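Following: one structure in structure tokens, then a few remarks.
Protein chains: 2
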Amino acid sequence: MKFCSDCGSPVSRRIPPGDLLLRFVCDTCQTIHYQNPKVVVGCLPEWDDGLLLCRRAIDPRIGFWTFPAGFMEQGESAEQAAARETLEEAQAEVEITSLYAVFSLPHISQVYMIFRGTMRSADYGAGNESLEAHLFHPTAIPWETLAFPVIVEALRRYVNDKSRGVFDLHVGTVAPRKV
Amino acid sequence: MKFCSDCGSPVSRRIPPGDLLLRFVCDTCQTIHYQNPKVVVGCLPEWDDGLLLCRRAIDPRIGFWTFPAGFMEQGESAEQAAARETLEEAQAEVEITSLYAVFSLPHISQVYMIFRGTMRSADYGAGNESLEAHLFHPTAIPWETLAFPVIVEALRRYVNDKSRGVFDLHVGTVAPRKV
């Protein structure tokens with residue numbers, strides 16, 4: 007951020023009165039421009055014993071597998087956002103059934119909220135941001151070609167829970183990929 | 007948003023190629039400025055049978071009661087944020103024990119993530135943004151002077167769960183106050 011989105015003047019980083027953190031503040035109109043973590047909503051779409059994943063058609067990690075997930079938008083609930091992403095990325099209609107995981111990714115200032123969802127039919131397909139979509143049996147998850155550590159973490163727990171027949175809520179922090 | 011925070015030129019609202027929603031897009035450098043919901047993290051700080059609330063010293067709803075809550079910041083986990091808010095607003099150190107509720111407030115594009123926390127000692131006090139802090143027995147919650155509908159909703163469920171001795175995870179949408 008270099009310029010004030012309200013008045014177009016330059017901004018500088020300083021700690022506003024009464025605050026504890028550096029913020030972008032307009033040198034002219036004094037507007038404080040807060041920056042905060044973004045919510046990524048995801049869905050684990052279930053059909054019989056299968057889980058619907060899609061292969062990314064966009065950067066980053068083009069060609070790698072993920073469950074439907076994306077940034078929550080203004081004016082929607084988290085559940086609506088998860089169902090919307092599933093429709094957009096995997097052309098599948100789901101009924102959201104429960105919150106499955108909440109993972110913080112502090113290194114990139116994101117919070118993943120991952121829901122389980124039941125597909126309303128066996129229909130699915132590749133949305134604009136996907137190369138393909140596919141129903142995977144839990145024993146056939148493409149572990150070596152998953153897109154992000156948070157996807158691996160959620161699916162690892164999901165497959166384990168499914169084998170036990172008990173789905174816990176998972177809350178925690180996911181670290182960046184080891185280089 | 008009137009000006010591009012990258013280059014200072016005017017922005018206009020349009021649907022970028024491949025997108026479905028109106029976004030602020032810079033007329034000069036074409037940067038797309040996404041706006042997304044903010045995460046509010048809250049904590050229900052417990053000490054014996056008491057719950058620590060604080061009375062707001064700032065607008066909106068100055069003088070009304072709330073549990074410690076505030077906007078999640080860049081680079082922190084949700085649990086860290088909830089503990090930080092508790093320290094800032096009620097001068098109490100807590101160990102976060104579980105995620106208690108996730109409430110979407112689509113009318114103001116916020117998601118509340120509310121944790122239970124155990125106070126590490128009986129020490130507490132009024133932080134800069136609070137007029138006072140007080141440990142309330144669940145039968146003595148100041149229902150008539152709570153700050154926001156989401157605070158009422160969370161405390162109503164918490165008091166009910168506590169009376170049953172079973173704490174469920176609560177996920178849903180909270181509507182605006184009826185006028």
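Protein chains in written order, with the working numbering: chain A, 7 to 185; chain B, 7 to 185.
Glycine included, C-beta positions come from ideal geometry on N, C-alpha and C.
All of these numbers come straight from a predicted model, not from anything done at the bench.
Rounded Cβ spacing between residue i and residue j (contact assumed at less than 8 Å)
| i | j | result |
| --- | --- | --- |
| GLU85/B | ILE68/B | Not really, about 28 Å apart at Cβ, beyond 8 Å. |
| SER83/B | PHE9/A | Their Cβ separation, rounded to whole angstroms, is 31 Å, which puts SER83/B and PHE9/A out of contact at 8 Å. |
| GLN36/B | GLN80/A | Contact doesn't hold; Cβ gap of about 21 Å is too wide. |
Cutoff 8 Å; reference residue i; Cβ partners in own chain excluding five residues on either side
| i | result |
| --- | --- |
| ALA160/A | GLY48, LEU50, PHE73, TYR106, ALA107, PHE109, TYR118, ILE120 and HIS176 |
| ASP55/B | HIS143 and PRO144 |
| ILE114/B | PRO182 |
| ASP167/B | PHE173 and ASP174 |
| GLU138/A | CYS60, ARG61 and ALA132 |
| LEU152/B | PHE70, TRP71, THR72, VAL158 and LEU161 |
| CYS13/B | CYS32, THR34, CYS35 and THR37 |
| LYS184/B | none |
CB of residue i within 7 Å of CB of residue j, strictly
| i | j | result |
| --- | --- | --- |
| ALA63/A | SER136/A | yes |
| PRO43/B | MET78/A | yes |
| TRP71/A | LEU57/A | no |
| ALA132/A | TRP53/A | no |
| GLU99/B | ARG126/B | yes |
| ARG148/B | VAL180/B | Contrary to the premise, residue 148/B reads as Pro rather than Arg in this sequence. Not a contact, by the Cβ cut-off of 7 Å. |
| VAL46/B | ALA87/B | no |
For residue i, the nearest candidate out of the options (CA to CA)
| i | options | result |
| --- | --- | --- |
| GLY123/B | ALA96/B, ASN134/B and HIS113/B | ALA96/B |
| ASP25/A | HIS39/B, GLU94/B and LEU27/B | GLU94/B |
| ALA146/A | VAL31/A, VAL165/A, GLN116/A and GLU91/A | VAL165/A |
| THR92/B | PRO112/B, GLN116/B and TYR130/B | TYR130/B |
| HIS140/B | ARG61/B, HIS39/B, ARG170/B and ASP65/B | ARG61/B |
| ILE38/B | ILE38/A, VAL31/A, PRO112/A and MET7/A | MET7/A |
| ASN134/A | CYS13/A, ASP65/A, ARG29/A and VAL31/A | ASP65/A |
| GLY205/B | ARG20/B, GLN116/B and SER169/B | The question about residue 205/B has no answer here: the residues shown for chain B are numbered 7 through 185. |
Cutoff 7 Å; reference residue i; Cβ partners in own chain excluding five residues on either side
| i | result |
| --- | --- |
| ASP33/B | SER15, PRO16, VAL17 and SER18 |
| LEU27/A | ILE21 |
| PRO112/A | THR179 |
| PHE30/A | MET7, VAL17, ARG19 and HIS39 |
| ARG170/B | none |
Contact set for residue i: own chain, Cβ-Cβ below 6 Å, skip 5 residues either direction
| i | result |
| --- | --- |
| ILE157/B | THR72 |
| SER104/A | ARG122 |
| ARG163/A | HIS176 |
Residue i beta carbon near the ligand FMN (any heavy atom closer than 6 Å)
| i | result |
| --- | --- |
| LEU93/A | This structure simply doesn't include the ligand FMN, nor any ligand for that matter. |
*When Cβ atoms are compared, which residues of the stretch 104-119 of chain A fall closer than 8 Å to chain B?*
SER104, LEU105, VAL108, SER110, PRO112, HIS113, SER115, VAL117 and MET119
Query - Residues, ordered as in the chain, of the stretch 149-177 of chain B that lie near chain A by beta-carbon distance below 7 Å - result: Answer set for the stretch 149-177 of chain B: LEU175 and VAL177.
Positions along the stretch 77-93 of chain B whose CB lies within less than 8 Å of some CB in chain A: PHE77, MET78, GLU79, GLN80, GLY81, GLU82, SER83, ALA84, GLU85 and GLN86
Original post:
Listed from N- to C-terminal order along the chain, which residues in the stretch 7-37 of chain B have their beta-carbon within a distance smaller than 9 Å of any beta-carbon of chain A?
Top reply: Cβ proximity to chain A below 9 Å picks out MET7, LYS8, PHE9, CYS10, SER11, ASP12, CYS13, GLY14, SER15, PRO16, VAL17, GLY24, LEU26, LEU27 and PHE30 from the stretch 7-37 of chain B.
**Item:** Near-chain A residues of the stretch 38-51 of chain B - C-beta to any C-beta below 9 Å
**Value:** HIS39, TYR40, GLN41, ASN42, PRO43, LYS44 and VAL45
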